[in-house]
Amino acid sequence: MERKRYDAVALLSGGLDSILAVKVIEEQGLAVKCLHFVSPFFGKPGKVKHWEAIYGLDITAVDLGEDFAALLRERPAHGFGKVLNPCVDCKIIMISRAREMMERYGASFIITGEVLGQRPMSQRRDTLNVIRRDAGVKELLLRPLCAQKLDPTPAEESGLVDRSRLHAIFGRGRKEQMALAEKYGLTEIPTPAGGCKLAERENARRYWPVLAHSPHAAAAEFKLANIGRQYWAGPHWLSIGRHQADNEALVRFAFPADLHFKVAGFPGPLAIGRQFDGKLWDAEVVRDAAAFVASFSPKAVREGTPVSVRVAGPDGMAEVSVTPARTTPLGWSELNWQGVREEIRADARARALPVPEGNDDGPDGQSE
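In our numbering, the protein residues as written are -18 to 349.
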């Protein structure tokens, strides 16, 4: 079967602006392939079929997980926002991938739903120019919702796109977008953006210690950090399930070298102990972690005597006898945002990168 050819590829978060940008171009009789990028921090691949059905779009989900993990591991060149959100570099990496995929679809330009002045970090005029430059798409990138506030692009100058039918939306208001949504008959109005966990403090405090301690932080480790309760004792990491669904998810994202903790003879959660790059936990660390995990089994705690915890790892299964204890010598704890924020700032200063201050694009997710 001959592959369909497209005039443009679009970054589609699932938010209103990205949908409208596609509709503006499709209205001119042009074919658009929508790319919905997915990582441990953003993306809703399970909604692609729904969006195709209600918005009439042609969408492909694209896994950006490992590329995004590498971006965080190496630190974003343009810095983090107010939390752990690398909004400028995020746009650059997505648009760069879209550029790489253009030939596959026969497309001649890229579109995004960005609006000049809408977001304080990534949608200022100077930043929009930086994104276009660093993504290598100076002659390819068209922003239909604010195009008339920007210089004409080759797609417009060639006549492929009618510039007079593009828009000049500016700022944080939503009135013009809502009018366009009504014009295009959008019966389901999505939220303004696709959502990004990196812009939320609760999630940032889960992710930062992974970056601080994992030698090669990978997408799977950030997926693990999304599950259950996360505790640290120095470089030692425990992920503890809250219910059966968590327990099953922890098993899926465990690495071969990880330790699996489970109280024997009592109901209680599964816990995963991450052993980074062959740095095996010694017997005292294992015992300390086992006592801590056992403290999450109420019946084991009420027993009032030592209990057995099964510890499975790359060398097989063992059982350790421990007294359940929420307070242990190693001091397992969940990191708090204030401490994490100071570590992020100190790391930026040490690397001579922009120090996060008040810049915060909020839950930006993908191109909005």
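We put the CB at the ideal spot given by N, CA and C, even for glycine.
Because the structure is a prediction, the values reported are computed rather than measured.
For residue 7, the closest alpha carbon among the candidates 142, -8 and 26 is that of 142. Between residue 300 and residue 238 a beta carbon distance of about 20 Å is seen, past the 8 Å cut, so the two are scored as non-contacting.
The alpha-carbon separation between residue 111 and residue 156 amounts to approximately 28 Å.
Where residue 213 is concerned, the enclosing beta strand (DSSP E) starts and stops at 210 to 214.
Take the alpha-carbon of residue 189 and the one of residue 213: they are about 11 Å apart.
Across the structure, residue 121 and residue 16 are spaced so that their CA atoms are roughly 16 Å apart. When the five nearest sequence neighbours on each side are left out, the beta carbons in the same chain lying within less than 8 Å of the beta carbon of residue 144 are those of 128, 129, 133 and 137, in order along the chain. Counting along the chain, the unbroken beta strand (DSSP E) around residue 289 starts and ends at 288 to 294. For residue 303, the enclosing beta strand (DSSP E) has its first and last residue at 297 to 303. Counting C-beta atoms within 10 angstroms of its own C-beta, residue 286 has fewer than 16 neighbours from the protein chains shown and is therefore classed as exposed.
In the same chain as residue 310, and ignoring 5 residues on each side of it, the C-beta atoms closer than 7 Å to its own belong to 269, in chain order. Beta-bridge annotation (DSSP): residue 254 is paired with 219 and 240. Cβ-Cβ separation between residue 87 and residue -13: approximately 6 Å, consistent with a contact (criterion under 8 Å).
In this structure residue 168 is exposed. Its beta-carbon is surrounded by fewer than 16 other beta-carbon atoms within 10 angstroms. For the options 31, -10, 0 and -3, the alpha carbon positioned closest to that of residue 12 is the one of -10.
For residue 5, the enclosing alpha helix (DSSP H) stretches over residues -3 to 7. Here residue 318 has 182 and 186 as same chain residues with Cβ atoms under 6 Å from its own Cβ, once five neighbours each way along the sequence are excluded.
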